[in-house]
Amino acid sequence: MKATGIVRRIDDLGRVVIPKEIRRTLRIKEGDPLEIFTDREGEVIFKKYSPIGELGEFAVAYAETLSKTSGRPVCITDKDSVIAVSGVPKKELSEKRISSELEKIMDDKAIYVMQPGSSKNMNIIDGSEKYQMGVVAPIISEGDTIGTVIMVSTDGTGNVGEVETKLAQSAANFLGKQMEQ
């Protein structure tokens, strides 16, 4: 944990304001749920809550099954980072922050399919052009986008078909329904 040098007082209703700079850096928006942790030394830690992250091992198993079925690398993300990877080395994508392009796709709540021969790089994570979004299906639970299922394009050609699109869409729908139960 690193100190920011910022000090805030608790108001009479028990609220603390998280500075705008920190909210921007951590991509915390109005209405985002935060999980609260405490430790023995009296520290209080706020962490962005990830409902899809609670699926943890299930998401990993689902990504592996989807990758084997489709023959393509697969990623499952929450709203901030990659939480499950199969078909590519995990260290290259797992737990990395998602790109701003992927964030926009989530905000749009629509399926994205890379067009063949597209010259625009749609990176999964910022700073790496090695893995492009072939198909992105948003995971929607109770009307909110909580993550994505991504069929990864490693060659940048965008050669993804209707089968990959339907697989990603089915996986996203299934995961969204799991979160509603």
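Just so you know, we're using the numbering used here here: the sequence shown kicks off at 1 and counts up by one.
For each residue, glycine too, the CB sits at the ideal point set by N, CA and C.
**OP:** Provide the residue span of the beta strand (DSSP E) that contains Lys79, from first to last.
**Re:** No beta strand (DSSP E) contains Lys79, which DSSP labels as neither H nor E.
Original post:
Secondary structure at Ala110, three-state DSSP: helix, strand or coil?
Top reply: Correct three-state label for Ala110: coil.
Original post:
What three-state label does DSSP hand Met179 in the structure shown?
Top reply: Reduced to three states, the DSSP call for Met179 is helix.
Subject >> Test item: CB-CB of Met114 and Ile124 under 7 angstroms >> reply: Contact flag unset, no.
Subject >> Per DSSP, the bridge partner or partners of Asn123 >> reply: Bridge partners of Asn123: Gln132.
Original post:
Which two residues bound the contiguous beta strand (DSSP E) that contains Thr154?
Top reply: No beta strand (DSSP E) contains Thr154, which DSSP labels as neither H nor E.
Original post:
Closest by CA to Glu103, which one among Lys79, Gly5, Asn121?
Top reply: Taking only the C-alpha atoms, the option nearest Glu103 is Lys79.
Original post:
Quick one: what's got a C-beta closer than 6 angstroms to Ser86's C-beta in the same chain, skipping five residues either side?
Top reply: Taken in chain order, the residues that qualify are Ala63, Glu64, Ser67, Val74.
Original post:
Could you give the residue range of the alpha helix (DSSP H) that holds Lys90?
Top reply: In the DSSP annotation of this structure, the continuous segment of the alpha helix (DSSP H) that includes Lys90 starts and ends at 90–93.
Original post:
Measuring CA to CA, which of Val60, Lys91, Thr165 is closest to Lys76?
Top reply: Note on identity: in this sequence residue 76 is Ile, with Lys being the wrong assignment. Nearest C-alpha to Ile76: Val60.
Original post:
Expressed to the nearest angstrom, what Euclidean distance is found between the alpha-carbon atoms of Leu167 and Arg72?
Top reply: The straight-line gap from Cα to Cα measures roughly 11 angstroms.
**OP:** Check Arg24 in the structure and name its three-state DSSP category.
**Re:** In the three-state scheme derived from DSSP, where H, G and I count as helix and E and B as strand, Arg24 is classed as helix.
Original post:
Shortest alpha-carbon distance to Ser81 belongs to which of Ile6, Ser100, Ala3, Phe58?
Top reply: Measuring from the Cα of Ser81, the nearest candidate turns out to be Ser100.
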